[in-house]
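If you want our numbering, it's the 1-based position in the sequence shown plus 5. Below is one structure, written out as structure tokens; the observations come after it.
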Amino acid sequence: MVKLDTIISLAKRRGFVFQSSEIYGGLNGFWDYGPLGVELLNNYKQAWWREMTYRDNIVGVDAAIIMHPKTWVASGHVAQFSDPMIDNKTSKARYRADNLIEEHIFKLKNKNKTDIANQIEERLSKVEKNEDYYQIIIDFQIPDPVSGTTDWTEVRNFNLMFKTFVGPVEDESGTVFLRPESAQGIFVNFKNVMDSARLKPPFGIAQIGKAFRNEINTKNFLFRTREFEQMEMQYFIKPGTEKEWFEYWKEQRWNWYVNLGMDEKKMRWKLHDKLAHYANYAVDIEFEFPFGFGEIEGIHSRTNFDLNSHQSHSGKKMEYVDTVNQDRYVPYVIETSGGASRGFMAFLINSYNEEKIVEDGKEDTRVVMRFHPKLAPITLAVFPLVNKDGMPEYAHQIYKDMQKFFPTQYDTSGAIGRRYRRQDEIGTPFCVTVDGQTLQDHTVTIRERDSMLQDRIPVSKIREYIFDKIEK
Ligand code: ATP
Numbered sequence: 006m007v008k009l010d011t012i013i014s015l016a017k018r019r020g021f022v023f024q025s026s027e028i029y030g031g032l033n034g035f036w037d038y039g040p041l042g043v044e045l046l047n048n049y050k051q052a053w054w055r056e057m058t059y060r061d062n063i064v065g066v067d068a069a070i071i072m073h074p075k076t077w078v079a080s081g082h083v084a085q086f087s088d089p090m091i092d093n094k095t096s097k098a099r100y101r102a103d104n105l106i107e108e109h110i111f112k113l114k115n116k117n118k119t120d121i122a123n124q125i126e127e128r129l130s131k132v133e134k135n136e137d138y139y140q141i142i143i144d145f146q147i148p149d150p151v152s153g154t155t156d157w158t159e160v161r162n163f164n165l166m167f168k169t170f171v172g173p174v175e176d177e178s179g180t181v182f183l184r185p186e187s188a189q190g191i192f193v194n195f196k197n198v199m200d201s202a203r204l205k206p207p208f209g210i211a212q213i214g215k216a217f218r219n220e221i222n223t224k225n226f227l228f229r230t231r232e233f234e235q236m237e238m239q240y241f242i243k244p245g246t247e248k249e250w251f252e253y254w255k256e257q258r259w260n261w262y263v264n265l266g267m268d269e270k271k272m273r274w275k276l277h278d279k280l281a282h283y284a285n286y287a288v289d290i291e292f293e294f295p296f297g298f299g300e301i302e303g304i305h306s307r308t309n310f311d312l313n314s315h316q317s318h319s320g321k322k323m324e325y326v327d328t329v330n331q332d333r334y335v336p337y338v339i340e341t342s343g344g345a346s347r348g349f350m351a352f353l354i355n356s357y358n359e360e361k362i363v364e365d366g367k368e369d370t371r372v373v374m375r376f377h378p379k380l381a382p383i384t385l386a387v388f389p390l391v392n393k394d395g396m397p398e399y400a401h402q403i404y405k406d407m408q409k410f411f412p413t414q415y416d417t418s419g420a421i422g423r424r425y426r427r428q429d430e431i432g433t434p435f436c437v438t439v440d441g442q443t444l445q446d447h448t449v450t451i452r453e454r455d456s457m458l459q460d461r462i463p464v465s466k467i468r469e470y471i472f473d474k475i476e477k
């Protein structure tokens, strides 16, 4: 398994992800996407958007990040969106109590101390209140990873919503929150969308957008950040049909990751032992990160908790009225909620490979990012074999032509092998080389990243050749 540091340094070196405001020492829990990162992220979101909305009965919205503060009272976030927090008195370090315990379990398992790890896991699955976390930490003498001591404060609740103010006066009446999930922007627009798009259940509303959580601990690169992006779809259905739609969306979402090239051996289901206040079924799709399995997407059956709650807080009806069957109901909801930034990171890890190779008769080592061609930030690189005899001009023209269809790079510097290596490292699926023969018969070699096999094809067929492979 690749080390997280290797991914972070490649991400920085090649311009995928930088620490936010790095020149000022960075800001914990915030990251910036560089030139290649933004392409990969956009491709990832685009793949999701096409999958979810280019089908019957699902439409999109893009709601404001700041919403009426009553939204968060109705959704339960003001009262309940908190994490259990614990402080170590020696180091003054602050932790999410459940994460502290989980990381301890992970360490024990790595040391083959499975018996004790299982005992802690068993206790963790039964936690109901903050004191239960505290008792586990004390009973198993879980030490602070920084100071190694076990002098802990009690476990308290910490609300994760970022507060700010609307208007010039900073007082309670103007207090608003940065949305901690994009889902509520969908729920409050349920009637607007259903009526304007003339939809009836089952139908879905999809949204991609930023969410903000003042996480107690941010670490593991993009896994847990304070600003992140979600890709969420709420599917509105007739009450009583939730089990079948839940199963349907589980399968759809799992397959989406697999079809984009995620290694199924690194994926697993996690059933929720404890359900959120709104859910009646819930599972997560987990991916194996270098620090253990972690959620990349949740599929939840949310009943009609949210719509009911908005109905009573706003006084506005949130019903579907079926005039044909004389039926009316507040729909149930199946939610698919994935993190764009977490998924992005999972694909960085999933794609990373280091291999010993022989290419053009020479031995070499290469780092290759095996992104699905739909995700790869650069689709094509074009090279002249040598920088003379009209080859650069010819290659540059191909580059200009192909740029109209997909992100393309042009590279003339260094030996051809080095140019391939540079493209392998950023996951470019195709490289075209213009050589002596090109000038005579207008054919080029096109090399495929994973197999390293080269085809010779007419210049006029490059675009078609690539489109064919991308769609596979
Ligand atoms: P966790 O238990 O890890 O805090 P959660 O169960 O609260 O996550 P959800 O509210 O279900 O997460 O959010 C849906 C998705 O949003 C998650 O699957 C994840 O991909 C993403 N996500 C949630 N919190 C963060 C975060 N702090 N940073 C990056 N992505 C996040």
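The beta carbon of each residue, even a glycine, is placed where N, CA and C say it ideally should be.
Looking at the structure shown, is residue i part of a helix, part of a strand, or coil, going by DSSP?
{"i": "A68", "result": "coil"}
{"i": "D120", "result": "helix"}
{"i": "Q408", "result": "coil"}
{"i": "N194", "result": "coil"}
{"i": "G343", "result": "strand"}
{"i": "K75", "result": "helix"}
{"i": "P40", "result": "helix"}
{"i": "A211", "result": "strand"}
{"i": "D176", "result": "coil"}
{"i": "I383", "result": "coil"}
{"i": "H377", "result": "coil"}
{"i": "A420", "result": "coil"}
{"i": "H401", "result": "helix"}
{"i": "R18", "result": "helix"}
{"i": "Q488", "result": "In this structure the chain extends from 6 to 477, so residue 488 is not present and cannot be described."}
{"i": "F310", "result": "helix"}
{"i": "V391", "result": "coil"}
Would you say residue i touches the ligand ATP, meaning its beta carbon is less than 7 Å from a heavy atom?
{"i": "S96", "result": "no"}
{"i": "G344", "result": "yes"}
{"i": "I110", "result": "no"}
{"i": "I301", "result": "yes"}
{"i": "M233", "result": "Just to set this straight, residue 233 is Phe in the shown sequence, not Met. Flag set: Cβ of F233 near the ligand ATP."}
{"i": "T230", "result": "yes"}
{"i": "R423", "result": "no"}
{"i": "R218", "result": "yes"}
{"i": "E398", "result": "no"}
{"i": "R258", "result": "no"}
{"i": "E186", "result": "yes"}
Hey, how far is the Cα of residue i from the Cα of residue j?
{"i": "E175", "j": "M72", "result": "17 Å"}
{"i": "Q189", "j": "S80", "result": "8 Å"}
{"i": "E340", "j": "G348", "result": "17 Å"}
{"i": "G179", "j": "F167", "result": "14 Å"}
{"i": "V373", "j": "L105", "result": "34 Å"}
{"i": "G266", "j": "T328", "result": "45 Å"}
{"i": "G65", "j": "T58", "result": "7 Å"}
{"i": "K75", "j": "S187", "result": "15 Å"}
{"i": "D440", "j": "M350", "result": "37 Å"}
{"i": "K393", "j": "M457", "result": "25 Å"}
{"i": "I141", "j": "L129", "result": "8 Å"}
{"i": "E300", "j": "D92", "result": "25 Å"}
{"i": "E2", "j": "G39", "result": "What is shown of the chain runs 6 to 477, which leaves residue 2 out entirely."}
{"i": "Q459", "j": "V449", "result": "10 Å"}
{"i": "E107", "j": "G214", "result": "29 Å"}
{"i": "V198", "j": "L204", "result": "8 Å"}
{"i": "K275", "j": "I121", "result": "21 Å"}
{"i": "I403", "j": "T384", "result": "14 Å"}
{"i": "Y138", "j": "V132", "result": "7 Å"}
{"i": "N123", "j": "F292", "result": "21 Å"}
{"i": "D416", "j": "M272", "result": "37 Å"}
Report yes if the CB atom of residue i is closer than 8 Å to the CB atom of residue j, and no otherwise.
{"i": "E126", "j": "I147", "result": "no"}
{"i": "L41", "j": "F23", "result": "no"}
{"i": "A68", "j": "Q235", "result": "no"}
{"i": "I221", "j": "D88", "result": "yes"}
{"i": "F208", "j": "I63", "result": "yes"}
{"i": "N78", "j": "Y357", "result": "Reading off the sequence, residue 78 comes out as Val, not Asn. Cβ atoms of V78 and Y357: not closer than 8 Å."}
{"i": "V437", "j": "V387", "result": "yes"}
{"i": "Y337", "j": "E237", "result": "no"}
{"i": "I462", "j": "F435", "result": "no"}
{"i": "L444", "j": "L45", "result": "no"}
{"i": "V171", "j": "S96", "result": "no"}
Determine which residues share a DSSP beta bridge with residue i and list them.
{"i": "V326", "result": "R333"}
{"i": "E232", "result": "F217"}
{"i": "P89", "result": "N162"}
{"i": "T155", "result": "Paired residue(s): none; T155 is not in a bridge."}
{"i": "D369", "result": "I362"}
{"i": "T274", "result": "Going by the sequence as given, residue 274 is Trp instead of Thr. Partner(s): I290."}
Measure from the C-beta of residue i to each C-beta in chain B and report whether the shortest distance is under 8 Å.
{"i": "Q428", "result": "No chain B appears in this structure, which consists of one protein chain only."}
For the ligand FMN, I want to know if residue i counts as a neighbour, meaning its beta carbon is within less than 7 Å of at least one of the ligand's heavy atoms.
{"i": "R307", "result": "Inclusion of the ligand FMN in the displayed structure is not the case, the ligand content consisting of the ligand ATP alone."}
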